[in-house]
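All the letters of the sequence shown, read from the start, carry residue numbers 0 to 259 under numbering that gives the first Met the number 0.
Glycine included, C-beta positions come from ideal geometry on N, C-alpha and C.
Single-structure report; data block below.
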Amino acid sequence: MVSERQHQIKIPKGRKIYFASDQHFGSPNTKESIIREKKFIQWLDEIKPDACALFLLGDLFDFWFEYKQVVPKGFVRVLGKLAELADAGIPIYFFIGNHDLWMRDYLKQELNANIFKEPQRFLMNDKRFLIAHGDGLGPGDYGYKFLKRIFTNPVAKTLFYLLHPDFSIWLGKMLSERNKYLSGNEEDSYQGDGKEWLFQYAQAMQEKEKFDYLVFGHRHLALEKKVGEKSTYFNIGDWIKHFTYGEFDGFNFSLKTYCV
């Protein structure tokens, strides 16, 4: 389901909007994750001077569950840097992914982030965007769609909430690492238009509404494919292997790779 609302962002001259997705901080272990976290923070420092908004398209953490008074420990570097950007007046738009399905209001309270659970329409200057994490969209992916219905069921969430955080967070991390249906990204190369569900979803949505750009994460590949004469599907890639991001300067959207 796509939100009926259309958000509007005016981009001042010389400013840009940046997009990043699928950092999966915490995976595969704390030591290796911190190396990637520091690289991401360095990128955030570099975009800060000209960023007018930052879009995080989901799976910032490899596992995330919020109790009323408890969140997973760690990630202080990246959360602190995001708070710095928010305090500098750079709005943050966060799309919940399949690894942070149980996010509540922590980032809203701490970063004043805009939190979305479903695809959103944006008008940026005169360009129409459809933006989402991408999990469960399009045909296929039935194994994940079945599990998502279970994990988002209020009864299942309540039962998980009743577990002690030490056990529940350990269990969640283990399942996140081992279950391919949770990751949804087991293929490391483009599988062809007939097997790429997000590409098919982008095609179908473009035919309905004529978006200029349809931008998703989830797939862990940096992709740019035409889905209409004036419409392009972009996948942002990830910060595990590819270190890619999206950049919109008010006129054109482009994919880039961050190299230190």
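9 Å Cβ cutoff met for residue i and residue j
{"i": "Phe159", "j": "His98", "result": "no"}
{"i": "Gly133", "j": "His217", "result": "yes"}
{"i": "Phe250", "j": "Val226", "result": "no"}
{"i": "Ile95", "j": "Lys116", "result": "yes"}
{"i": "Asn111", "j": "Tyr92", "result": "no"}
{"i": "Pro260", "j": "Ile168", "result": "Because the chain spans 0 through 259 in this model, residue 260 falls outside it and cannot be assessed."}
{"i": "Lys15", "j": "Phe247", "result": "yes"}
{"i": "Phe39", "j": "Val77", "result": "yes"}
{"i": "Gly137", "j": "Tyr200", "result": "yes"}
{"i": "Gly73", "j": "Gly25", "result": "yes"}
Close beta carbons around residue i, own chain, < 6 Å, minus the five adjacent residues each side
{"i": "Asp237", "result": "Asp21, His219"}
{"i": "Val1", "result": "Pro118"}
{"i": "Phe215", "result": "Ala131, Gly133, Leu197, Asn234"}
{"i": "Glu36", "result": "Phe24, Arg76, Val77"}
{"i": "Leu170", "result": "none"}
Nearest-angstrom Cα separation, counted from residue j out to residue i
{"i": "Pro11", "j": "Cys51", "result": "8 Å"}
{"i": "Phe252", "j": "Phe64", "result": "33 Å"}
{"i": "Leu162", "j": "Val69", "result": "12 Å"}
{"i": "Phe166", "j": "Asp192", "result": "41 Å"}
{"i": "Met102", "j": "Lys229", "result": "35 Å"}
{"i": "Phe62", "j": "Leu122", "result": "31 Å"}
{"i": "His6", "j": "Gly13", "result": "21 Å"}
{"i": "Glu3", "j": "Lys194", "result": "28 Å"}
{"i": "Leu55", "j": "Tyr17", "result": "9 Å"}
{"i": "Pro263", "j": "Thr29", "result": "Residue 263 falls outside the range modelled here, since the chain spans only 0 to 259, and no answer is possible."}
{"i": "Ile34", "j": "Lys224", "result": "31 Å"}
{"i": "Thr157", "j": "Ile46", "result": "39 Å"}
{"i": "Ser182", "j": "Arg120", "result": "Residue confidence is low: Ser182 scores 47 on pLDDT, short of 50, so the model does not pin down where it sits. Its coordinate-derived value is still stated next. Rounded to whole angstroms, Ser182 to Arg120 spans 25 Å at the Cα level."}
Among the options, the one whose alpha carbon lies nearest that of residue i
{"i": "Val259", "options": "Gln41, Ile46, Glu31", "result": "Gln41"}
{"i": "Met173", "options": "His6, Pro27, Lys15, Ser2", "result": "Pro27"}
{"i": "Pro271", "options": "Leu100, Met123, Glu195", "result": "This structure gives no information on residue 271, because the portion of the chain shown stretches from 0 to 259."}
{"i": "Glu31", "options": "Arg76, Phe166, Ile239", "result": "Ile239"}
{"i": "Glu83", "options": "Thr151, Glu195, Leu170, Leu53", "result": "Leu53"}
{"i": "Asp187", "options": "Ser2, Leu222, Thr231, Phe166", "result": "Leu222"}
{"i": "Lys80", "options": "Lys194, Gly25, Asp44", "result": "Asp44"}
{"i": "Gln108", "options": "Ala85, Tyr200, Asp58", "result": "Ala85"}
{"i": "Phe242", "options": "Lys255, Gly57, Glu228", "result": "Lys255"}
{"i": "Tyr244", "options": "Gly57, Gly13, His6", "result": "Gly57"}
{"i": "Gly206", "options": "His6, Glu3, Thr231", "result": "Here residue 206 is Glu; the residue named in the question, Gly, does not match the sequence. Considering only alpha carbons, the answer is Thr231."}
Residues of its chain near residue i, where Cβ-Cβ distance is below 7 Å and the 5 sequence neighbours each way are ignored
{"i": "Met204", "result": "Leu129, Phe210, Leu213"}
{"i": "Gln202", "result": "Val226"}
{"i": "Tyr257", "result": "Trp42, Phe242, Tyr244"}
{"i": "Pro164", "result": "Tyr66, Val69"}
Proximal residues to residue i (C-beta, below 8 Å), its chain only, five neighbours per side dropped
{"i": "Lys147", "result": "Asn97, Leu100, Asp134, Gly135"}
{"i": "Tyr105", "result": "Glu65, Val70"}
{"i": "Thr151", "result": "Leu100"}
>> For the pair the stretch 227-245 and the stretch 14-29, tell me if three or more CB-CB distances fall below 8 Å.
In response: Contact between the stretch 227-245 and the stretch 14-29 is established, with three or more Cβ pairs separated by less than 8 Å.
>> With a threshold of 8 Å, are at least 3 pairs of Cβ atoms found where one atom belongs to the stretch 195-212 and the other to the stretch 118-127?
In response: Yes: the two stretches touch, three or more of their Cβ pairs being nearer than 8 Å.
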